[in-house]
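Visitor:
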Amino acid sequence: MRVLITGSDGQLGRALVRACAPADAVLACGRAQLDVTDADAARRLFDRQRPDAVVHCAALTDTQACERDPRLAFAVNAGGAERVAVACAAVRARLVAISTNEVFDGAATEAYAEDAPAGALNAYGRSKLEGERRIAALGGDALTVRTSWLYGAGGSNFVTKVLGAAGAGRPLRFVTDEVASPTSAEDLAAALVDLLRREAPAGVYHLVNEGTASRYDWARETLRLAGIGGASVEPATTAALRAGGYDGSVKPPYSVLANTRARALGIRLPPWRASLAAHFARHPELRAAATASPPCHD
Ligand SMILES: NC(=O)c1ccc[n+]([C@@H]2O[C@H](COP(=O)([O-])OP(=O)(O)OC[C@H]3O[C@@H](n4cnc5c(N)ncnc54)[C@H](OP(=O)(O)O)[C@@H]3O)[C@@H](O)[C@H]2O)c1
1077 MRVLITGSDG QLGRALVRAC APADAVLACG RAQLDVTDAD AARRLFDRQR PDAVVHCAAL
1137 TDTQACERDP RLAFAVNAGG AERVAVACAA VRARLVAIST NEVFDGAATE AYAEDAPAGA
1197 LNAYGRSKLE GERRIAALGG DALTVRTSWL YGAGGSNFVT KVLGAAGAGR PLRFVTDEVA
1257 SPTSAEDLAA ALVDLLRREA PAGVYHLVNE GTASRYDWAR ETLRLAGIGG ASVEPATTAA
1317 LRAGGYDGSV KPPYSVLANT RARALGIRLP PWRASLAAHF ARHPELRAAA TASPPCHD
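Heads up, the sequence shown is in this note's numbering, so the first residue is 1077 and it goes up one at a time.
(1) Is Leu1345 close to ligand 1? I mean its beta-carbon at under 7 Å from any heavy atom of the ligand.
(2) Curious, which full-length alpha helix (DSSP H) runs of at least 4 residues does the stretch 1248–1315 contain?
(3) Report the three-state DSSP secondary structure of Arg1202 (helix, strand or coil).
(4) For the beta strand (DSSP E) that Leu1171 lies in, which residues bound it at each end?
(5) In terms of residue numbering, what span does the alpha helix (DSSP H) encompassing Arg1337 cover?
(6) Does DSSP put Ala1187 in a helix, a strand or coil?
(7) For Pro1277, is the classification buried or exposed, using 16 other Cβ atoms within 10 angstroms of its Cβ as the cut-off for buried?
(8) Going by DSSP in three states, Thr1139 sits in which element: helix, strand or coil?
(9) What does Arg1078 pair with, by DSSP beta-bridge criteria?
(10) By the DSSP assignment, the beta strand (DSSP E) with Leu1379 in it spans what residues?
(11) Is Tyr1188 buried or exposed, if buried means 16 or more other CB atoms sit within 10 Å of its CB?
(12) Identify whether Pro1347 lies in helix, strand or coil by the three-state DSSP scheme.
(13) Exposed or buried, which one is Gly1086 when buried takes at least 16 other CB atoms within 10 Å?
(14) Which residues bound the beta strand (DSSP E) around Val1130?
(15) Is any heavy atom of ligand 1 found at a distance shorter than 7 Å from the C-beta of Gly1231?
(16) Can you name the start and end residues of the alpha helix (DSSP H) that Asp1123 belongs to?
(17) From Thr1252 to Pro1127, what does the alpha carbon distance come to, in whole angstroms?
(18) For Glu1262, does the count of other Cβ atoms within 10 angstroms reach 16, so buried, or fall short, so exposed?
(19) Mind checking if Leu1352 is an interface residue toward chain B, Cβ cutoff 8 Å exclusive?
(20) Can you look up Arg1226 in the DSSP assignment and give me helix, strand or coil?
(21) My output table needs one value for Leu1110: the three-state DSSP class, helix, strand or coil.
(22) Where does Tyr1330 land, buried or exposed, given buried means 16+ other C-beta within 10 angstroms?
(23) What's the call for Pro1360, buried or exposed, on a 16-neighbour Cβ count within 10 Å?
(24) Is the beta carbon of Ala1129 sitting closer than 8 Å to the one on Arg1168?
(25) Taking 7 Å as the cut-off, is the CB of Ala1095 close to at least one heavy atom of ligand 1?
Right under this line is the structure:
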């Protein structure tokens, strides 16, 4: 299979390059090889490379940057997805486009199924949802895979931020009222390859590690695995953080995704705590980041 990966320098893109079998021809395309805001670039590239499948990981994922510049967010996350989908249709390549839990408003009290009505609260979520809708409107051989709270090797993610804050002795306060499923980029990449091999029917899929966590739960488990479980982590509410000056984008309070359609195909991801432990086992250097200097709590 010739698999082209957009955004291949990002955390999921890198994990996918590793997850593809040696027998696959992997066409890893970072922004330098394919800028998805360039009107014609995807069509020209796909015409030359003739991929069988395209996994579209490129996105503007910095939610605060999306809030500051919604036009750019829509150009990359909606326009980019549409351009990639049009280029896929032209060469009859199967598209797997990655989307997010943040297409939901988080008012639910149980996990969102794939067909639950979406309605995003922030610019990032709205731009990703618009990308989903444009792909669906084209009606091609496309899978939209929503995931949540990704962490992987290298780069910046919640795990590295928690460890960095602990190592620098910054205060450790995390909210209890934002709940989803931390998801390993390695696990997601393996599941995506599985979806491609099974020739899963088109449509929307949810793929997250099993189980739920608040940001506070996730931070505590991260610090425990880093060997500094004794560090004092304070639970907080979003309202209290905002009153203290936090001005991040509005997040869905409860955006747990149910992997209903993938499970029906026999694709299962491990519980999030087991996957986080496996991530620490693969990356012993993470422990050093957390203990660069002792956390101070005054
Ligand atoms: N991270 C999460 O927690 C999370 C949660 C749910 C869903 N997702 C989705 O999962 C996918 C992968 O996310 P990730 O965590 O791997 O994000 P990431 O590490 O930020 O990777 C995204 C990649 O896209 C590239 N990119 C940005 N603008 C581009 C453009 N105009 N043309 C081409 N490439 C461009 C980025 O390059 P630069 O570094 O040069 O900007 C980066 O390498 C995205 O679709 C994201 O929306 C992520």
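C-beta: ideal position from N, C-alpha, C; glycine also.
Guide: The structure says:
(1) no
(2) 1261–1273 and 1291–1301
(3) helix
(4) Arg1170 to Thr1176
(5) Thr1336 to Ala1340
(6) coil
(7) exposed
(8) helix
(9) Ala1101
(10) For the chain, the structure presents residues 1077 to 1374; residue 1379 sits outside this window and is missing.
(11) buried
(12) strand
(13) buried
(14) Ala1129 to His1132
(15) yes
(16) Ala1117 to Gln1125
(17) 43 Å
(18) buried
(19) The chain labelled as chain B is not found in the depicted structure, where only one protein chain is given.
(20) The residue asked about is misnamed: residue 1226 is Leu in this sequence, not Arg. If DSSP states are grouped into helix, strand and coil, Leu1226 belongs with the strands.
(21) coil
(22) buried
(23) exposed
(24) no
(25) no
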